[in-house]
Amino acid sequence: MRSYAAQRAGLAIVQLAVLSVLVFVLTSLLPGDAADLRFTETLTPSQVAALRAELGLDQPPVERFVHWLGNVVTGDLGTSLISGGPVADIVRNSIGATLVLTLATLAIVVPLAVALGIVMGTRENGRVDRTITSITLALSAIPDFVIAVVLVAVFSLKLGWLPATWIGGNLLSSPALLILPIAVLFGRTVCLLSRQVRAGTVAALNAEYVTQARRLGVPRRQLLLRHVLPNAAVPGVQELARTGDTLLGGVLVVEAIFAIPGFATALVDGVETRDIPTVQGLTLVLAIAALLINLAADLVCNRLVPRTEALR
Numbered sequence: 500m501r502s503y504a505a506q507r508a509g510l511a512i513v514q515l516a517v518l519s520v521l522v523f524v525l526t527s528l529l530p531g532d533a534a535d536l537r538f539t540e541t542l543t544p545s546q547v548a549a550l551r552a553e554l555g556l557d558q559p560p561v562e563r564f565v566h567w568l569g570n571v572v573t574g575d576l577g578t579s580l581i582s583g584g585p586v587a588d589i590v591r592n593s594i595g596a597t598l599v600l601t602l603a604t605l606a607i608v609v610p611l612a613v614a615l616g617i618v619m620g621t622r623e624n625g626r627v628d629r630t631i632t633s634i635t636l637a638l639s640a641i642p643d644f645v646i647a648v649v650l651v652a653v654f655s656l657k658l659g660w661l662p663a664t665w666i667g668g669n670l671l672s673s674p675a676l677l678i679l680p681i682a683v684l685f686g687r688t689v690c691l692l693s694r695q696v697r698a699g700t701v702a703a704l705n706a707e708y709v710t711q712a713r714r715l716g717v718p719r720r721q722l723l724l725r726h727v728l729p730n731a732a733v734p735g736v737q738e739l740a741r742t743g744d745t746l747l748g749g750v751l752v753v754e755a756i757f758a759i760p761g762f763a764t765a766l767v768d769g770v771e772t773r774d775i776p777t778v779q780g781l782t783l784v785l786a787i788a789a790l791l792i793n794l795a796a797d798l799v800c801n802r803l804v805p806r807t808e809a810l811r
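Counted the way the working numbering counts, the sequence shown spans residues 500 to 811.
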C-alpha cells in the first residue's frame with residue numbers, strides 16, 4: 500500500500516506540473532488583458548504601455564511563467580490586476596459557497612446512491628431493479644440547466660416556495676437557498692453513481708468466492724457487508740472520482756444560474772475584466788481539486804482491493 504501510494508503521489512506531482520503549464524498557457528491565450536480593457540475606458544496608448552510594463556505584461560511568456568510558477572510553489576497565486584489584492588484572498592472569499600454546495604450534494608448523494616445500487620444489484624432484473632434503472636437512465640439524460648429551469652419555474656415562480664436566486668446571507672444559515680441548487684446537482688450524480696454500485700454488486704454476487712461462501716452457510720448480512728460491499732464499492736469509488744470532476748463543473752454552472760457568489764462568479768468576473776492572474780489562480784485551484792479527488796479515489800480503491808490498479 501505504501502509503495503503504491505508513493506508511486507501514485509509521484510504521478511500526481513507530474514500531473515500537477517503538466518496542469519500548471521496548461522493553466523498558464525490556456526489562460527494566457529485569452530484575448531486582451533487588463534491594460535487593454537482600461538485603454539478602452541480611460542487610458543492613452545502611452546499610459547497603456549506604462550501600465551503593461553508595471554503589471555509585467557510586457558515580459559516574454561516563458562519569463563512570466565517561471566515567475567508565476569515560482570510564486571505558486573510558495574503559495575502566492577499572484578495579485579489581481581483589477582482589485583490590486585492577492586488572488587489568494589479572492590479564492591478564500593469564493594471557495595466557501597462552492598465547498599458548501601459540493602459537500603452538501605455529496606453528503607446526500609453518496610449514501611443514497613450506494614443504497615440504491617445495492618438494492619438494484621441484489622434484485623438483478625427484478626421489478627425494483629428495472630424500475631429504478633429506468634428512472635435513473637431518464638434522469639441522467641436531462642441536462643442540468645433544463646432541470647434548473649423547470650425547478651425554478653415550478654417552485655420559485657409558480658409556487659413561491661423557494662428563492663430563485665441568491666438573496667444574500669450565509670448559505671449554511673439559509674437552507675432554503677441550497678434546496679434548488681442541490682436538487683439540480685443531485686439527479687445526474689446519484690444516477691451515475693448508483694448504476695456503478697449496482698454493476699459492482701452484481702459482479703461481486705456472481706464471483707466464485709461469494710458462491711463458495713453461500714455454500715458454507717455464511718449469513719446473507721455478513722456476506723453483503725464483508726464480501727460484496729467492499730468489492731462493489733470499487734467501481735462506485737472510481738465513478739465517484741469521475742463524478743466529482745463533473746460535479747465541480749456542475750457546481751460552477753449552478754452558481755451561475757442561481758447567482759451564488761462562488762468560484763463561478765469570480766471566474767466570470769476575472770474573464771470579463773481580463774484579470775489573468777485571478778483566472779489562473781482560480782483555474783489552478785479547481786484543477787488541483789480534481790487531481791486530489793482522483794488521487795484519493797485510487798488510494799481508496801487500492802485499499803479496498805489491493806490488486807486493483809489505477810486505470811487513470
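In this text, a Cβ means the ideal position worked out from N, Cα and C, and glycines have one as well.
Bounding residues of the alpha helix (DSSP H) (the contiguous stretch that carries arginine 713): Position 214 of the sequence shown, counted from the first residue, corresponds to residue 713. It spans 707-714 - the alpha helix (DSSP H) in which arginine 713 sits, taken as one unbroken run.
Threonine 578 in three-state terms, based on DSSP: Against the sequence shown, residue 578 aligns to sequence position 79. Here threonine 578 sits in strand by DSSP.
Strand pairing of alanine 585, partner residues [DSSP]: Locating residue 585 in the sequence shown gives position 86, counting from the first residue. Correcting the residue type first, residue 585 is proline in the shown sequence and not alanine. Answer by DSSP bridge pairing, in chain order: Thr578.
Close beta carbons around alanine 603, own chain, < 7 Å, minus the five adjacent residues each side: Taking the sequence shown and counting its residues from 1, the one referred to as residue 603 is at position 104. Excluding sequence neighbours, alanine 603 sits near Leu677, Ile681.
Straight-line Cα distance separating lysine 657 from alanine 703: Taking the sequence shown and counting its residues from 1, the one referred to as residue 703 is at position 204. Taking the sequence shown and counting its residues from 1, the one referred to as residue 657 is at position 158. Going by the C-alpha atoms only, they are around 47 Å apart.
Whether arginine 697 touches methionine 619 by CB criterion (8 Å): Numbered from its first residue, the sequence shown carries residue 697 at position 198. Numbered from its first residue, the sequence shown carries residue 619 at position 120. Yes, the Cβ-Cβ distance between arginine 697 and methionine 619 is below 8 Å.
Glycine 625: first and last residue of the uninterrupted alpha helix (DSSP H) it sits in: As a position in the sequence shown, residue 625 is number 126, starting the count at 1. Careful: glycine 625 lies outside any alpha helix (DSSP H) and carries neither H nor E.
Neighbour-count burial assignment, tryptophan 567, 16 or more Cβ in a 10 Å radius: On the sequence shown, residue 567 is found 68 positions in, with the first residue counted as 1. Counting Cβ neighbours within 10 Å, tryptophan 567 comes out buried, since at least 16 surround it.
Supposed close pair valine 586, threonine 777 - CB separation, criterion 8 Å: Working through the sequence shown from its first residue, we reach residue 586 at position 87. Working through the sequence shown from its first residue, we reach residue 777 at position 278. Correct: roughly 5 Å between the Cβ atoms.
Meets three-Cβ-pair contact criterion under 8 Å: the region 680-694 and the region 599-616: yes
Pick from Leu785, Ala795, Asp774 that is closest to serine 579, judged by C-alpha positions: What you label residue 579 is simply residue 80 of the sequence shown in a count that begins at 1. Checked all of Leu785, Ala795, Asp774; the closest Cα to serine 579 is Asp774.
Simplified DSSP state of proline 560, which is helix, strand or coil: Looking up residue 560 in the sequence shown gives position 61. Helix at proline 560.
Leucine 673 burial status per 10 Å Cβ neighbour count (16 or more: buried): Translated into positions along the sequence shown, residue 673 becomes position 174. A quick correction: the sequence has serine, not leucine, at residue 673. Serine 673 comes out exposed.
Own chain residues within Cβ distance below 6 Å of leucine 722, not counting five before or after: Here residue 722 refers to the residue found at position 223 of the sequence shown. For leucine 722, where only same-chain residues beyond five positions count, the Cβ hits under 6 Å are Ala712.
Supposed close pair valine 590, leucine 794 - CB separation, criterion 8 Å: Stepping through the sequence shown from its first residue, residue 590 is reached at position 91. Stepping through the sequence shown from its first residue, residue 794 is reached at position 295. Not quite, the Cβ-Cβ distance comes to about 20 Å (not below 8 Å), so this is no contact.
Best match in Leu791, Asp797, Val799, Leu798 for proximity to leucine 518 [C-alpha to C-alpha]: Here residue 518 refers to the residue found at position 19 when the sequence shown is read from its first residue. Of the listed residues, the one whose Cα sits closest to leucine 518 is Leu791.
Distance between beta carbons of proline 560 and serine 527, contact taken as under 8 Å: What you label residue 527 is simply residue 28 of the sequence shown in a count that begins at 1. What you label residue 560 is simply residue 61 of the sequence shown in a count that begins at 1. Rounded, the Cβ-Cβ distance is 6 Å, consistent with contact.
Which of helix, strand or coil DSSP assigns to threonine 573: Counting from one through the sequence shown, the residue named residue 573 turns up at place 74. Coil, per DSSP.
Valine 649: first and last residue of the uninterrupted alpha helix (DSSP H) it sits in: Translated into the one-based positions of the sequence shown, residue 649 becomes position 150. 643-650 is the span of the alpha helix (DSSP H), which, as asked, contains valine 649.
Own chain residues within Cβ distance below 6 Å of leucine 783, not counting five before or after: Within the sequence shown, residue 783 is the residue found at index 284, counting from 1. For leucine 783, where only same-chain residues beyond five positions count, the Cβ hits under 6 Å are Val522.
Simplified DSSP state of arginine 694, which is helix, strand or coil: On the sequence shown, residue 694 is found 195 positions in, with the first residue counted as 1. Reduced to three states, the DSSP call for arginine 694 is helix.
Proline 734, buried or exposed, once every other Cβ within 10 Å from all chains shown has been counted against 16: Mapped onto the sequence shown, residue 734 falls at position 235. Buried, because 16 or more other Cβ atoms sit within 10 Å of the Cβ of proline 734.
Phenylalanine 654 - containing alpha helix (DSSP H), residue span: As a position in the sequence shown, residue 654 is number 155, starting the count at 1. Neither: phenylalanine 654 is in no alpha helix (DSSP H) and is coded neither H nor E.
Sequence-distant residues of its chain with Cβ nearer than 8 Å to alanine 508 (five each side left out): Residue numbering aside, residue 508 sits at position 9 when the sequence shown is read from its first letter. Correct list, in chain order: Leu794.
Per-residue burial, glutamine 506 [other beta carbons within 10 Å of its own, 16 or more giving buried]: In the sequence shown, counting from the first residue as 1, residue 506 sits at position 7. With a threshold of 16 other beta carbon atoms within 10 Å, glutamine 506 falls short and is exposed.
Option in Thr635, Phe644, Ala732 with minimal Cα separation from threonine 688: The residue you call residue 688 lines up with position 189 of the sequence shown. It is Thr635 whose Cα lies nearest to the Cα of threonine 688.
Whole-angstrom distance between valine 753 and valine 651, CA atom to CA atom: Within the sequence shown, residue 651 is the residue found at index 152, counting from 1. Within the sequence shown, residue 753 is the residue found at index 254, counting from 1. Those two C-alpha atoms are separated by around 12 Å.
Selection from Gly716, Thr601, Leu739, Thr710 that minimises the alpha carbon distance to valine 727: Working through the sequence shown from its first residue, we reach residue 727 at position 228. For valine 727, the nearest C-alpha among the options comes from Thr710.
Residue range of the alpha helix (DSSP H) that includes aspartate 768: Here residue 768 is taken as the residue at index 269 of the sequence shown, counted from 1. Residues 762-771.
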